[in-house]
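First the structure, in the form of structure tokens, and then the observations on it.
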Amino acid sequence: MDSVLVRYHEIALKKGNRAYFTELLKRNVIAAVKDLGVKDIRSLPARLLLTLKSDIDQATATERIGAVFGVANFSLVERTATDVETLRVRILDSLDDTRFESFRIDTQRGDKAFPLTSPEINRVLGAAVKEKSHARVDLEKPEFTVFVEILPRDAFFGFNKIPGPGGLPVGASGRVVSLISGGIDSPVASYRMMQRGCRLIFVHFHSAPYQDKTSQEKVRELLKRLTRHQFNSRLFLVPFGEIQRQIVAAVSRPLRVILYRRMMLRIAEAIARREKAKALVTGESLGQVASQTLENMAVIQQAATLPILRPLVGMDKQEIIDQARRIGTFDISSIPDQDCCQLFVPKHPATKAHLSDVEKDEASFDVKELVRFGVENAAEEHFTFPG
Ligand code: ATP
Ligand code: MG
Numbered sequence: 001m002d003s004v005l006v007r008y009h010e011i012a013l014k015k016g017n018r019a020y021f022t023e024l025l026k027r028n029v030i031a032a033v034k035d036l037g038v039k040d041i042r043s044l045p046a047r048l049l050l051t052l053k054s055d056i057d058q059a060t061a062t063e064r065i066g067a068v069f070g071v072a073n074f075s076l077v078e079r080t081a082t083d084v085e086t087l088r089v090r091i092l093d094s095l096d097d098t099r100f101e102s103f104r105i106d107t108q109r110g111d112k113a114f115p116l117t118s119p120e121i122n123r124v125l126g127a128a129v130k131e132k133s134h135a136r137v138d139l140e141k142p143e144f145t146v147f148v149e150i151l152p153r154d155a156f157f158g159f160n161k162i163p164g165p166g167g168l169p170v171g172a173s174g175r176v177v178s179l180i181s182g183g184i185d186s187p188v189a190s191y192r193m194m195q196r197g198c199r200l201i202f203v204h205f206h207s208a209p210y211q212d213k214t215s216q217e218k219v220r221e222l223l224k225r226l227t228r229h230q231f232n233s234r235l236f237l238v239p240f241g242e243i244q245r246q247i248v249a250a251v252s253r254p255l256r257v258i259l260y261r262r263m264m265l266r267i268a269e270a271i272a273r274r275e276k277a278k279a280l281v282t283g284e285s286l287g288q289v290a291s292q293t294l295e296n297m298a299v300i301q302q303a304a305t306l307p308i309l310r311p312l313v314g315m316d317k318q319e320i321i322d323q324a325r326r327i328g329t330f331d332i333s334s335i336p337d338q339d340c341c342q343l344f345v346p347k348h349p350a351t352k353a354h355l356s357d358v359e360k361d362e363a364s365f366d367v368k369e370l371v372r373f374g375v376e377n378a379a380e381e382h383f384t385f386p387g
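Taking my numbering, the leading residue of the sequence shown gets 1, the next gets one more, and so forth.
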């Protein structure tokens, strides 16, 4: 089959934005299969009909179209001539030995000049499928569905729906900067914000040469996975070890993690402003670790002025792990590494930092200069999908 019928939830889109969202979705669907050769893409009510230059199998369609946010579900479909007899023959042929107890035909007639109405087409094709399969017709909860689209120039049919990832097309909500660590949480947080239509720019802080480069390698692998949803990504690798060394030289232990975090936010925010991004994203989850108590989150966030989006804030660790497995980031995140926040920090960090103490500590090193150092020395890398 060389075509895919891509359905989206039109009602989920605000009326004024619908045309824009549909255009973005179309653009993203094309980007997801561009190496396969796109022949044609047509906009129909609440769906797109994509035709490729060659056949696409279910696994590839699931990998590509199944990763495009905004897609509610899709079906592989075959193109035929626009007459019911051809459709009948092709459908029966393609059914092969497929077994099911109940079925329905679901016809959409985009060509209003077509001689038969949708119910008439359903009846003719339904009788043929019934005769071949001996299954009963069930309009409510069929085990098997045959989709038929009649358009002015050609017709299409396919079987069953494959679920898509839902959400909004990437780009619809604007650009944000995601702080990605190589841990389990931040890749899931990134995924969830892309699903809400954000286009992400990634920032990773590493402590090379004080620590090894595993975290950077992990982030690269994570980006290869995540880029399947936004087709191209930029990553800024910020050398954080020198910044940490200067913080450590200036202040005593308990607040170090908080000071690191605040420096990360400042540097990420400076990059965000330069790149015209509208918010920051983190993988913080309330109470998960010492730096994520409400008190500490409050003190940390005051280092930034852009909104901080924390899509995991109310999620349980197990829920986050389950999602990490589903989106294919868990195994990469589980590779042991040296997290930069473990560098020069106490075993028992403060759980209730006070802003005044933190600010006192920050007065003993040059915050502005360290932010400038981080931003200027960030190395930029690019990722594209399909590669
Ligand atoms: P994660 O699994 O995402 O690392 P975590 O539970 O380990 O999260 P922390 O290490 O406290 O939590 O980090 C909280 C958030 O701060 C991370 O989710 C991430 O957004 C950001 N962050 C932490 N370390 C880094 C880093 N080295 N580079 C970029 N962002 C980071
Ligand atoms: Mg971490």
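Glycine is no exception: its CB is placed at the ideal position from the N, C-alpha and C atoms. Since we're looking at a predicted model, the values are computed, not measured.
Can you tell me which of S190, G167, G166 and Q244 puts its alpha carbon nearest to the alpha carbon of V176?
-> Within the sequence shown, residue 176 is the residue found at index 176, counting from 1. Comparing Cα positions, the closest option is S190.
Kindly examine the ligand SAH and report whether one of its heavy atoms sits closer than 6 Å to the Cβ of D339.
-> By its list of ligands, the structure shown excludes the ligand SAH, since it contains just the ligand ATP and the ligand MG.
Verify the contact flag: G183, CB atom, against every heavy atom of the ligand ATP, threshold strictly below 6 Å.
-> One-based indexing of the sequence shown puts residue 183 at position 183. Yes - the ligand ATP has a heavy atom lying nearer than 6 Å to the Cβ of G183.
Looking at the structure shown, is A397 part of a helix, part of a strand, or coil, going by DSSP?
-> The question about residue 397 has no answer, for the chain in this structure spans 1 to 387.
Give the range of the beta strand (DSSP E) segment to which E78 is assigned.
-> For the purposes of this step, residue 78 is taken as residue 78 along the sequence shown, with counting starting at 1. In this chain, the beta strand (DSSP E) harbouring E78 covers N73 to T80.
Measuring alpha carbon to alpha carbon, tell me which of Q338, S285 and Q342 ends up nearest Q318.
-> What you label residue 318 is simply residue 318 of the sequence shown in a count that begins at 1. Among Q338, S285 and Q342, the Cα nearest to that of Q318 is on S285.
Jot down the residue ranges of each uninterrupted beta strand (DSSP E) in the region 67 to 147, minimum 3 residues, whole runs only, in chain order.
-> You should have 73 to 80 and 102 to 109.
If we call anything under 7 Å between Cβ atoms a contact, is L223 one with L237?
-> Residue numbering aside, residue 223 sits at position 223 when the sequence shown is read from its first letter. Residue numbering aside, residue 237 sits at position 237 when the sequence shown is read from its first letter. No, the pair does not count as a contact, with Cβ atoms beyond the cut-off.
How many Å lie between I320 and S181 at the Cα?
-> Locating residue 320 in the sequence shown gives position 320, where the first residue counts as 1. Locating residue 181 in the sequence shown gives position 181, where the first residue counts as 1. Near 15 Å, if we compare the C-alpha coordinates of S181 and I320.
Measuring from the CB of G374, is there a heavy atom of the ligand ATP at a distance below 6 Å?
-> For the purposes of this step, residue 374 is identified with residue 374 of the sequence shown, where counting begins at 1. G374 Cβ: outside cutoff for every heavy atom of the ligand ATP.
Mind listing, in chain order, the continuous beta strand (DSSP E) runs of no fewer than 3 residues lying wholly within the region 224 to 298?
-> 232 to 239, all fully within the region 224 to 298.
Compute the beta-carbon to beta-carbon distance between A353 and V299, rounded to the nearest angstrom, for a pair I have assumed lies under 8 Å.
-> One-based indexing of the sequence shown puts residue 353 at position 353. One-based indexing of the sequence shown puts residue 299 at position 299. Indeed, because the Cβ distance is near 5 Å, the residues count as touching under 8 Å.
Relative to the C-alpha of L255, which residue among A290, V219, M194 and E221 is closest?
-> Residue 255 sits at position 255 when you count from the first residue of the sequence shown. Cα-wise, what sits closest to L255 is A290.
Rounded to whole angstroms, what's the CA-CA distance from F240 to C198? Just pull it up for me.
-> As a first step, residue 240 must be located in the sequence shown, where it is residue number 240. As a first step, residue 198 must be located in the sequence shown, where it is residue number 198. Computed Cα separation, rounded: 26 Å.
With a threshold of 16 other CB atoms inside 10 Å of the CB of K218, please say whether the residue is buried or exposed.
-> On the sequence shown, residue 218 is found 218 positions in, with the first residue counted as 1. With 16 or more other Cβ atoms within 10 Å, it is buried.
Cα separation between V6 and K276?
-> Your numbering for residue 6 matches position 6 in the sequence shown. Your numbering for residue 276 matches position 276 in the sequence shown. As the crow flies, the alpha-carbon of V6 is around 32 Å from that of K276.
Keeping to the same chain, check which residues put their C-beta closer than 7 Å to that of T86; ignore five residues upstream and five downstream.
-> As a position in the sequence shown, residue 86 is number 86, starting the count at 1. Excluding sequence neighbours, T86 sits near T80.
If you measure from the CB of L179, is any heavy atom of the ligand ATP nearer than 6 Å?
-> Against the sequence shown, residue 179 aligns to sequence position 179. At least one heavy atom of the ligand ATP sits closer than 6 Å to the Cβ of L179.
Would the beta-carbon of F156 fall within 7 Å of that of S3?
-> Position 156 of the sequence shown, counted from the first residue, corresponds to residue 156. Position 3 of the sequence shown, counted from the first residue, corresponds to residue 3. For F156 and S3, yes; Cβs fall inside 7 Å.
Can you find a heavy atom of the ligand ATP that lies under 6 Å from the Cβ of V289?
-> As a first step, residue 289 must be located in the sequence shown, where it is residue number 289. Inclusion of V289 in the 6 Å shell around the ligand ATP follows from its C-beta lying nearer than that to a non-hydrogen atom of the ligand.
Hey, quick one: how far does the alpha helix (DSSP H) through V188 stretch, first residue to last?
-> Against the sequence shown, residue 188 aligns to sequence position 188. Counted as a single uninterrupted DSSP element, the alpha helix (DSSP H) harbouring V188 occupies residues D185 to Q195.
Whose C-beta lies closer than 6 Å to the C-beta of L205 among residues of the same chain, with five residues either side of it excluded?
-> As a working note, residue 205 is residue 205 in the sequence shown. For clarity, residue 205 is Phe in the given sequence; the question names Leu instead. So the list reads V238, F240, M264 and C340, once near-sequence residues are dropped.
Burial state of T107, where buried means 16 or more other Cβ atoms lie within 10 Å = Counted from its first residue, the sequence shown places residue 107 at position 107. Buried is the call here.
Could you tell me if the beta carbon of T282 falls within a distance shorter than 6 Å of some heavy atom in the ligand ATP?
-> Here residue 282 corresponds to residue number 282 of the sequence shown, with the count starting at 1. Yes, Cβ of T282 sits closer than 6 Å to a heavy atom of the ligand ATP.
How about H348: is its Cβ closer than 6 Å to a heavy atom in the ligand ATP?
-> In the sequence shown, residue 348 corresponds to position 348, counting from 1. It does not: the Cβ of H348 is nowhere closer than 6 Å to a heavy atom of the ligand ATP.
For A391, I'd like the list of residues in its chain whose CB is within less than 8 Å of its CB, leaving aside the five on either flank, ordered along the chain.
-> Since the first and last residues shown for the chain are 1 and 387, residue 391 lies out of range.
Can you name, in chain order, every residue of its own chain whose Cβ lies under 8 Å from the Cβ of R153, other than the five neighbours on each side?
-> Against the sequence shown, residue 153 aligns to sequence position 153. A distance below 8 Å between beta-carbons, with the five flanking residues on each side excluded, links R153 to the following residues of its chain, in chain order: T82.
Please work out which residues of its chain come closer than 6 Å, Cβ to Cβ, to A135, disregarding the five sequence neighbours upstream and downstream, and give them in chain order.
-> Counting from 1 along the sequence shown, the entry for residue 135 is found at position 135. Cβ within range, chain order: F100, E101, S102 and F103.
Residue nearest to F385 in terms of C-alpha spacing, selected from E23, L36 and K15 = Your numbering for residue 385 matches position 385 in the sequence shown. Residue L36 is the option with its Cα nearest to F385.
What do you reckon, are the CB atoms on S186 and G328 nearer than 7 Å?
-> Position 186 of the sequence shown holds residue 186. Position 328 of the sequence shown holds residue 328. Contact flag unset, no.
In terms of residues, what are the limits of the alpha helix (DSSP H) holding S356?
-> By one-based count along the sequence shown, residue 356 stands at place 356. That run of the alpha helix (DSSP H) goes L355 to E362.
Proximity test, F202 beta-carbon vs the ligand ATP heavy atom, cut-off 6 Å = Taking the sequence shown and counting its residues from 1, one reaches residue 202 at position 202. F202 Cβ: outside cutoff for every heavy atom of the ligand ATP.
Assigned secondary structure, K368 (DSSP; H/G/I helix, E/B strand, else coil) | Looking up residue 368 in the sequence shown gives position 368. The three-state reading of DSSP puts K368 in helix, counting H, G and I together.
Thinking just about the alpha-carbon of each residue, which of D316, F69 and S54 is nearest to the one in K34?
-> Position 34 of the sequence shown, counting from 1, holds the residue named residue 34. Among D316, F69 and S54, the Cα nearest to that of K34 belongs to S54.
With hydrogens ignored, establish whether the beta-carbon of S186 is closer than 6 Å to any heavy atom of the ligand ATP.
-> Counting from 1 along the sequence shown, the entry for residue 186 is found at position 186. Checking every heavy atom of the ligand ATP against the Cβ of S186, one is found closer than 6 Å.
Taking buried to mean at least 16 other C-beta atoms within 10 Å of its own C-beta, is T227 buried or exposed?
-> As a position in the sequence shown, residue 227 is number 227, starting the count at 1. With 16 or more other Cβ atoms within 10 Å, it is buried.
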